[in-house]
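Position one of the sequence shown corresponds to residue 29 (this note's numbering), numbered consecutively onward.
What follows is one structure encoded as structure tokens, with my remarks underneath.
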Amino acid sequence: MVRSDPSKLVERALSPGLDAKAIRALQQEIGDRLLAESSCVRDPDFTTLHPDDLRFLFQAYDDRFLSGLCAKAVAPGTMGFRLSRRMTRAAGKATRLARASGKVDYEISVSTVLLFDGFGPSDRDVTVAGLPCGSRLEALQRIFEHELVHLVEYVGWAKSSCRAKRFRTIATRLFGHQEYTHQLITRRERASAMGIVVGSPVAFTIDGKRLVGRVNRITKRATVLVSDPNGQEYSDGNRYSKYYVPLSAITSSSSISKTKS
Ligand SMILES: [Zn+2]
Numbered sequence: 029m030v031r032s033d034p035s036k037l038v039e040r041a042l043s044p045g046l047d048a049k050a051i052r053a054l055q056q057e058i059g060d061r062l063l064a065e066s067s068c069v070r071d072p073d074f075t076t077l078h079p080d081d082l083r084f085l086f087q088a089y090d091d092r093f094l095s096g097l098c099a100k101a102v103a104p105g106t107m108g109f110r111l112s113r114r115m116t117r118a119a120g121k122a123t124r125l126a127r128a129s130g131k132v133d134y135e136i137s138v139s140t141v142l143l144f145d146g147f148g149p150s151d152r153d154v155t156v157a158g159l160p161c162g163s164r165l166e167a168l169q170r171i172f173e174h175e176l177v178h179l180v181e182y183v184g185w186a187k188s189s190c191r192a193k194r195f196r197t198i199a200t201r202l203f204g205h206q207e208y209t210h211q212l213i214t215r216r217e218r219a220s221a222m223g224i225v226v227g228s229p230v231a232f233t234i235d236g237k238r239l240v241g242r243v244n245r246i247t248k249r250a251t252v253l254v255s256d257p258n259g260q261e262y263s264d265g266n267r268y269s270k271y272y273v274p275l276s277a278i279t280s281s282s283s284i285s286k287t288k289s
């Protein structure tokens, strides 16, 4: 069988994508089909996964988003799918392996460690590709989409980097991605990346009034205790009022003093 020219795939990858609503509808449809057809993924918060599920996702995404051009551009038997228990930093990985014989193999792998451990019931607020994921299935799809963009680049250009502009353009146009990393990021991790942990001094504005307090807890929002003579007495003997503030609305007050100085 003759390997078809990847130029059609390249052309498709570089052309304008669908609008956000159409992208969402196709992503949803793929998730629903996987739930209906997979022997492992029977629930949006499934607890087992099989490499066949990745193969299914590949076909479903290639058919709907790339008119099947990706599968047509790779030689039969060169596309592999794998689940990894050893990948603890990246949620997914795509590889291109050029052999001395001239044969090129491709593989997409997904970390079951991150997908299952990093998405427990107590820590559901996960972001992948800059998009909030309400279920493990959504996280899997976003991870897979990121790796599929790598695969498209490997097939089309033999090289791929999610730090480069071309990758970002394709990932945004095809799938609406906002961030371009292999990470599965929990809200707590995002907050800590912002320098905000329990005990951090933070500032926020509520009803036009600027308040400064300390973070007491981080879930979907940060619980911030603000010193208040009329507030509730806490175990440290001081009185505080409690505010629930979205993480996006707070700034570390140590960084505020830095910018002032
Ligand atoms: Zn990447």
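From the three backbone atoms N, C-alpha and C, an ideal C-beta is built for every residue, glycine too.
For this session: Using 7 Å as the cut-off, classify the Cβ of H205 as near or not near the heavy atoms of ligand 3, replying yes or no.
Result: With respect to small molecules bound, the structure shown includes ligand 1 and not ligand 3.
Exercise. Identify the residues that DSSP records as bridge partners of A186: which are they?
Worked result: Looking at the DSSP assignment, A186 forms no beta bridge with any residue, so it has no partner.
Exercise. Does the Cβ of L126 have 16 or more other Cβ atoms within 10 Å, making it buried, or fewer, making it exposed?
Worked result: First, the amino acid is wrong: residue 126 is Ala here, not Leu. A126 should be labelled exposed.
Problem set entry | Beta-carbon proximity list for R110, same chain, < 7 Å, skipping 5 on both sides | P79, E135 and S137
Exercise. Using 8 Å as the Cβ pair cut-off and three pairs as the minimum, do the segment 44 to 51 and the segment 71 to 78 touch?
Worked result: no
For this session: Name all residues in chain order for which at least one heavy atom of ligand 1 lies closer than 6 Å to the residue's CB.
Result: H174, H178, C190 and H210
Exercise. If you drop the 5 nearest sequence neighbours on each side, which residues of the same chain put their C-beta closer than 7 Å to that of I284?
Worked result: With a pLDDT of 47 at I284, under the threshold of 50, the modelled position of this residue cannot be trusted, and the question is left open.
Exercise. Which two residues bound the contiguous beta strand (DSSP E) that contains Q260?
Worked result: R249 to E261
Problem set entry | N-terminal and C-terminal residue of the beta strand (DSSP E) that T155 is part of | V154 to V156
Exercise. Among the residues of its own chain, which have a CB less than 6 Å from the CB of T155, if the five just before and after it don't count?
Worked result: I213
For this session: Quick one: using the 10 Å Cβ neighbour count with 16 as the cut-off for buried, is Q6 buried or exposed?
Result: Lying outside 29 to 289, the shown extent of the chain, residue 6 is not represented and no answer is given.
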